Amino acid sequence: MTYNFDPDRWYDNQRAALESRLARGEIGRDAFEAALAELQRRLEEMEARLDGTFQIPSPKT
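In structure tokens:
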């Protein structure tokens, strides 16, 4: 199974959505900062789960 999830792109999309909500006045600066911190935490959690998933075996000589 091929898994083409890009955590950095996901983060960029989520951050852009938060920035749009802030610009429209749907959320305040404090809520934005809290959501951004949560987003960063989630990104780090995802990257930790993805780290080391794919390994290329060393060639036998």
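Every letter in the sequence shown is one number past the one before it in this note's numbering, and letter 51, counting from 1, is 41. Think of the CB as a built atom: it goes at the ideal place given N, C-alpha and C, for glycine as much as any other residue. Since the structure is predicted, the reported quantities are computational estimates derived from the model, not experimental observations.
Give the range of the alpha helix (DSSP H) segment to which residue i is assigned.
i, result
"E16", "Run containing E16: none; DSSP gives neither H nor E here."
Have a look at residue i and residue j and give me their C-alpha separation to the nearest angstrom.
i, j, result
"A21", "A38", "26 Å"
"R19", "L12", "7 Å"
"F(-5)", "D2", "13 Å"
"R32", "P49", "35 Å"
"R5", "Q30", "9 Å"
"R24", "L8", "A small fix is needed here, since residue 24 is Ala in this sequence, not Arg. The alpha-carbon atoms of A24 and L8 are separated by roughly 11 Å."
"E35", "D(-2)", "12 Å"
Under the three-state reduction of DSSP, which class applies to residue i: helix, strand or coil?
i, result
"S48", "coil"
"N3", "helix"
"D(-2)", "helix"
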